[in-house]
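The working numbering puts the first residue of the sequence shown at 2, with every later residue one more than the last.
Idealized CB from N, CA, C, for every residue including glycine.
One structure below.
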Amino acid sequence: MIPIRPSSNAIACQYADKVIRFIKEHTRGGKQKLKKIETALNKVKTGLTMQDLLCMNFEGIKALRAKIDSDTSLCDKASFEKFPYYYKQYFKEQGMNFIKDIGVYVCPYCNRNYIYNAATQRTAQIDHFFPKDRYPIFALSFYNLVPSCATCNHIKSDSVLDLFSPYDRTLRYDTFQFDAYPVSYIDFKIELKATDAKDGKAADALNNTLELAKLYEHHSYIATDLYKKALMYTDAHLNILLQEFMKMPFHYSHAEFTRFILNYYGEDSDFLKIALSKATKDIAQQFGILARIGTK
2 MIPIRPSSNA IACQYADKVI RFIKEHTRGG KQKLKKIETA LNKVKTGLTM
52 QDLLCMNFEG IKALRAKIDS DTSLCDKASF EKFPYYYKQY FKEQGMNFIK
102 DIGVYVCPYC NRNYIYNAAT QRTAQIDHFF PKDRYPIFAL SFYNLVPSCA
152 TCNHIKSDSV LDLFSPYDRT LRYDTFQFDA YPVSYIDFKI ELKATDAKDG
202 KAADALNNTL ELAKLYEHHS YIATDLYKKA LMYTDAHLNI LLQEFMKMPF
252 HYSHAEFTRF ILNYYGEDSD FLKIALSKAT KDIAQQFGIL ARIGTK
């Protein structure tokens, strides 16, 4: 799982403004409905407004969800039953812009499927981390909406996983790590593990509940290719390539050179730009070639 780090909370606030305007302008009696919603929200949490709910960070959503679970009388589902409908109508028109604004091009759950949308074909889906049928109050909340591939969204379905959300600030880029294990001389198996034992349940949820362990079996070629590169690209060879790369008529950066060799941008914050870039980085680090590129 890869963290989603929007460039600023302004993106969430702009999204909230658009949703509120959409409800006002595209639903019958929209202004009156918003007033009723805010009355219901105030019952859930004193002073909570529609704007607050829509751009509430994930930690706030998680805490509010726990409060609702402990006292179901606080949240009358009937007051928010229209939220999934508003979500469906709004995202029918604005779903592509939502994903574009966040800047996510690869599914953060699996990091193996591209999810960028074309004008005539939608490959991305939006997963509600806390399912909208069980928690309609969060059906429109920005930080409950996870751009994902169809595979992960379908398998996760309405489950509430024992798992980090990609928006969880405690989720690090190295919370999970890929390891390569040899099964023969140049054939490998790759596995996703938690780097800290306390996150083992979350790793199990990714590998088993989302069935990523089975899916990653089809990508063992990454380890095989990187092992061959680690053998073939000697320090002398890398130096020659770097010198030639610097002569090219385009702006040179270390991240570009790393991508040229490994198909990995070189920055963890770019994991959501190239499919399987997290596995590539971890295994290249395991085989030592990433460190050797980094010393050139």
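{"Query": "Pairwise C-alpha distance: residue 257 and residue 45", "Result": "49 Å"}
{"Query": "Straight-line gap, residue 208 to residue 249 (C-alpha atoms, nearest Å)", "Result": "42 Å"}
{"Query": "Same chain, Cβ closer than 7 Å to residue 154, neighbours up to 5 away in sequence not counted", "Result": "126, 128"}
{"Query": "6 Å Cβ shell around residue 203 - same chain, five flanking residues per side excluded", "Result": "164, 165"}
{"Query": "Candidates 244, 107, 28, 58, of which the one nearest residue 276 by Cα", "Result": "107"}
{"Query": "Inside the segment 103-188 only - beta strand (DSSP E) runs reaching at least 3 residues", "Result": "125-129, 146-150, 177-183"}
{"Query": "Same chain only: Cβ atoms within 7 Å of residue 24, ignoring 5 sequence neighbours per side", "Result": "31, 34, 35, 87"}
{"Query": "DSSP state of residue 232 mapped onto helix, strand, coil", "Result": "helix"}
{"Query": "Local conformation of residue 97 per DSSP, three classes", "Result": "helix"}
{"Query": "CA-to-CA distance, residue 160 to residue 62, given in whole angstroms", "Result": "17 Å"}
{"Query": "Through-space distance from residue 228 to residue 187, alpha-carbon basis", "Result": "7 Å"}
{"Query": "Given 8 Å, three or more beta-carbon pairs between the segment 176-191 and the segment 216-224", "Result": "yes"}
{"Query": "Paired residues, beta bridge with residue 191 - DSSP", "Result": "181"}
{"Query": "Closest by C-alpha distance to residue 92, when choosing among 20, 280, 174", "Result": "20"}
{"Query": "Where residue 1 sits in the DSSP three-state scheme", "Result": "Any question about residue 1 goes unanswered here, given that the chain covers just 2 to 297."}
{"Query": "Residue 253, buried or exposed, once every other Cβ within 10 Å from all chains shown has been counted against 16", "Result": "exposed"}
{"Query": "Beta-carbon spacing of residue 38, residue 74 below 8 Å", "Result": "no"}
{"Query": "Sequence-distant residues of its chain with Cβ nearer than 6 Å to residue 214 (five each side left out)", "Result": "208"}
{"Query": "With 16 other Cβ atoms within 10 Å as the buried cut-off, status of residue 18", "Result": "exposed"}
{"Query": "Terminal residues of the alpha helix (DSSP H) in which residue 2 lies", "Result": "No alpha helix (DSSP H) contains residue 2, which DSSP labels as neither H nor E."}
{"Query": "For residue 220 and residue 235, the rounded distance between their alpha carbons", "Result": "25 Å"}
{"Query": "Residue 83, DSSP secondary structure in three states", "Result": "coil"}
{"Query": "Secondary structure, beta strand (DSSP E): runs of 3+ residues fully inside the segment 251-292", "Result": "none"}
{"Query": "Own chain partners of residue 156 with C-beta closer than 8 Å, once the 5 adjacent residues on each side are dropped", "Result": "210, 211, 212"}
{"Query": "Whole-Å CB distance - residue 130 paired with residue 145, under 8 Å assumed", "Result": "5 Å"}
{"Query": "C-alpha gap between residue 6 and residue 170, whole angstroms", "Result": "9 Å"}
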